[in-house]
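First the structure, in the form of structure tokens, and then the observations on it.
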Amino acid sequence: MHRGKVYLVGAGPGDPDLITVKGSKALEQADVIVYDRLINPELLALTTEESEHIYVGKTPGKPSVSQEQINTILIAKAKSGKMVVRLKGGDPFVFGRGGEECEELKANDISYEVIPGISSALAAPSFAGIPITHRKAGRSFTVVTGHTITGSDTFKNWGHLAYADTLVVLMGVRNLGAISAELIEHGRDGGTPVAVIERATYESQKVVYGNLENIKEKASETSPPATIVIGELAAMCNDLSWFKELKQEYTETTQEAQLLTNYAV
Numbered sequence: 000m001h002r003g004k005v006y007l008v009g010a011g012p013g014d015p016d017l018i019t020v021k022g023s024k025a026l027e028q029a030d031v032i033v034y035d036r037l038i039n040p041e042l043l044a045l046t047t048e049e050s051e052h053i054y055v056g057k058t059p060g061k062p063s064v065s066q067e068q069i070n071t072i073l074i075a076k077a078k079s080g081k082m083v084v085r086l087k088g089g090d091p092f093v094f095g096r097g098g099e100e101c102e103e104l105k106a107n108d109i110s111y112e113v114i115p116g117i118s119s120a121l122a123a124p125s126f127a128g129i130p131i132t133h134r135k136a137g138r139s140f141t142v143v144t145g146h147t148i149t150g151s152d153t154f155k156n157w158g159h160l161a162y163a164d165t166l167v168v169l170m171g172v173r174n175l176g177a178i179s180a181e182l183i184e185h186g187r188d189g190g191t192p193v194a195v196i197e198r199a200t201y202e203s204q205k206v207v208y209g210n211l212e213n214i215k216e217k218a219s220e221t222s223p224p225a226t227i228v229i230g231e232l233a234a235m236c237n238d239l240s241w242f243k244e245l246k247q248e249y250t251e252t253t254q255e256a257q258l259l260t261n262y263a264v
């Protein structure tokens, strides 16, 4: 690791154990950590006491640090000779504006390195027991952002999205109804399985299962961050929900240990 350099580090989907070894080493050596809203606070415990922590998280509908301000911070800290970690949820190059930040760093002759992370587009389905590809049901998958999916020129090709083998939508829970309606309008069967995974990889993870016609109602109490998986493979969450079973085993073991402790006392 080098001073006067910016490391764009993917923090992973939430569980702090899912950050890469290289990412954790960067945090341990960093002088400055510039981090986002969805970062697990436990990751900051990896840093030194002398390190500077700068929060630049964006909250929907509330005032937040602009991208221009973030770029300015990264450039200024690197030019002052600091080793800077730009800590981002998931992977820096998956809907994380990592490319934009690298462009600014390059334009200002700042050395940078990208340390990939596990995107929730992959981790959320895995933790819900949903393989996003399968030889029998889905040989491809498409990942889109649902934050601006409706009314955007970026998403004119609904016909393509409607027929994706597996469609993974990030940041789309607030637009779930509109997304479902568009897919049905463009030819997707209303009975297509849908799984909505809230707080994926955390102990508090919840999975709501339904189809395109009823998922808006079923997931009405789901809050961001959430990942939407649409396609036949989404139904496998009912059979392969290993994380749910793991949590149940942990709960039962903890309760049994508590009973034994109480009995001993």
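Numbering of the sequence shown is given in numbering that gives the first Met the number 0, commencing with residue 0 and proceeding in unit increments. The C-beta atom is built at its ideal place from N, Cα and C for all residues, glycine as well.
Closer than 8 Å by C-beta to Leu211: which residues in its own chain qualify, once you throw out the five before and the five after it? Chain order, please.
Here residue 211 is taken as the residue at index 212 of the sequence shown, counted from 1. Excluding positions up to five away in sequence, the list reads Ser179, Leu182, Ile183, Arg187, Asp188, Gly189, Gly190, Thr191, Val193 and Ile229.
Among residues of its own chain, excluding the 5 on either side of Lys4, which ones have a beta-carbon nearer than 8 Å to its beta-carbon?
By 1-based counting over the sequence shown, the position of residue 4 is 5. Listed in chain order, the non-local C-beta contacts of Lys4 below 8 Å within the same chain comprise Ala77, Met82, Val83, Ile109, Ser110, Tyr111 and Glu112, local neighbours out to five positions each way being set aside.
So, Ile131 versus Val168, is the Cβ gap smaller than 8 Å?
Along the sequence shown, one-based indexing puts residue 131 at 132. Along the sequence shown, one-based indexing puts residue 168 at 169. Contact flag unset, no.
Could you please give the first and the last residue of the uninterrupted beta strand (DSSP E) stretch that includes Gly176?
Counting from one through the sequence shown, the residue named residue 176 turns up at place 177. Looking at the DSSP string, Gly176 is not in any beta strand (DSSP E); the run it does join, the alpha helix (DSSP H), is Leu175 to Glu184.
In terms of residue numbering, what span does the beta strand (DSSP E) encompassing Pro192 cover?
By 1-based counting over the sequence shown, the position of residue 192 is 193. Judged by DSSP secondary structure, Pro192 falls within the beta strand (DSSP E) whose first and last residues are Pro192 to Glu197.
Do the segment 32-39 and the segment 50-58 touch if we need at least three Cβ pairs shorter than 8 Å?
Yes: at least three Cβ pairs fall under 8 Å.
From this set, Ala29, Ala120, Val195 and Leu26, which residue's C-alpha is nearest Phe92's C-alpha?
Position 93 of the sequence shown, counted from the first residue, corresponds to residue 92. Among Ala29, Ala120, Val195 and Leu26, the Cα nearest to that of Phe92 belongs to Ala120.
Where does Thr47 land, buried or exposed, given buried means 16+ other C-beta within 10 angstroms?
Sequence index remark: in the sequence shown, residue 47 carries index 48 (1-based). Thr47 sits exposed, since fewer than 16 C-beta atoms from the chains shown fall within 10 Å of its C-beta.
How big is the Cα-Cα spacing for Glu202 and Glu102?
The count along the sequence shown starts at 1 and reaches residue 202 at position 203. The count along the sequence shown starts at 1 and reaches residue 102 at position 103. So the two alpha carbons sit approximately 37 Å from each other.
Minimum C-alpha distance to Val206 - residue among Thr19, Val195, Asn213 and Thr200:
If you number the sequence shown from 1, residue 206 lands on position 207. Checking every option, the nearest Cα to that of Val206 belongs to Val195.
Name the one or two DSSP bridge partners that Met235 has.
Position 236 of the sequence shown, counted from the start, is the residue given in the question as residue 235. DSSP lists no partner for Met235.
Using three-state DSSP, classify Thr58 as helix, strand or coil.
Within the sequence shown, numbered from 1, the residue matching residue 58 stands at position 59. Coil at Thr58, not helix or strand.
Could you check the C-alpha separation between Ser240 and Arg2 for me, to the nearest Å?
Here residue 240 refers to the residue found at position 241 when the sequence shown is read from its first residue. Here residue 2 refers to the residue found at position 3 when the sequence shown is read from its first residue. Going from the Cα of Ser240 to the Cα of Arg2 covers about 44 Å.
Mapping DSSP to helix, strand and coil, what is Thr47?
Position 48 of the sequence shown, counting from 1, holds the residue named residue 47. Looking at Thr47 - three-state DSSP - the assignment turns out to be coil, as it is neither helix nor strand.
Option nearest Tyr6 by Cα separation, candidates Thr71, Lys87 and Lys135
Translated into the one-based positions of the sequence shown, residue 6 becomes position 7. Ranking the options by Cα distance to Tyr6, first place goes to Lys87.
From Gly162 to Ala127, what does the alpha carbon distance come to, in whole angstroms?
On the sequence shown, position 163 is the one that residue 162 refers to. On the sequence shown, position 128 is the one that residue 127 refers to. The residue asked about is misnamed: residue 162 is Tyr in this sequence, not Gly. Within the model, the alpha-carbon separation for Tyr162 versus Ala127 is close to 22 Å.
Name the residue from Lys21, Ser125, Gly95 and Leu160 whose alpha carbon lies nearest to the alpha carbon of Asn237.
Mapped onto the sequence shown, residue 237 falls at position 238. The candidate whose alpha carbon is nearest that of Asn237 is Ser125.
Going by alpha carbons, who is nearest to Leu73 out of Ala233, Glu99 and Glu216?
Against the sequence shown, residue 73 aligns to sequence position 74. Ranking the options by Cα distance to Leu73, first place goes to Glu99.
Quick one: Cα of Leu160 to Cα of Pro115, how far?
For the purposes of this step, residue 160 is identified with residue 161 of the sequence shown, where counting begins at 1. For the purposes of this step, residue 115 is identified with residue 116 of the sequence shown, where counting begins at 1. Going from the Cα of Leu160 to the Cα of Pro115 covers about 26 Å.
With a 10 Å radius around its C-beta and 16 neighbouring C-beta atoms as the bar for buried, classify Leu166 as buried or exposed.
The residue you call residue 166 lines up with position 167 of the sequence shown. With 16 or more neighbouring CB atoms inside 10 Å of its own CB, Leu166 falls in the buried class.
Delimiting residues of the alpha helix (DSSP H) encompassing Gly230
In the sequence shown, counting from the first residue as 1, residue 230 sits at position 231. Looking at the DSSP string, Gly230 is not in any alpha helix (DSSP H), and its letter there is neither H nor E.
Are Ile117 and Gly11 close, meaning C-beta to C-beta below 8 Å?
Along the sequence shown, read from residue 1 onward, the residue named residue 117 stands at position 118. Along the sequence shown, read from residue 1 onward, the residue named residue 11 stands at position 12. It is a contact, given that the beta carbons lie within the stated cut-off.
Under three-state DSSP, which class holds Ile214?
Here residue 214 corresponds to residue number 215 of the sequence shown, with the count starting at 1. Ile214: helix per DSSP, three-state reduction.
Looking at the unbroken alpha helix (DSSP H) that takes in Val20, where does it start and where does it end?
Locating residue 20 in the sequence shown gives position 21, where the first residue counts as 1. Residues Val20 to Gln28.
Taking C-alpha atoms, which residue in Ser219, Ala44, Leu42 and Ala225 lies nearest to His146?
Within the sequence shown, the letter at position 147 stands for residue 146. That would be Ala225, whose Cα lies nearest to the Cα of His146.
Which of helix, strand or coil DSSP assigns to Lys81:
As a position in the sequence shown, residue 81 is number 82, starting the count at 1. In this structure, Lys81 counts as coil in the three-state DSSP scheme.
Checking 8 Å against the spacing of the C-beta atoms, do His185 and Gly209 come in under that value?
What you label residue 185 is simply residue 186 of the sequence shown in a count that begins at 1. What you label residue 209 is simply residue 210 of the sequence shown in a count that begins at 1. With contacts defined as CB atoms closer than 8 Å, His185 and Gly209 fail to qualify as a contacting pair.
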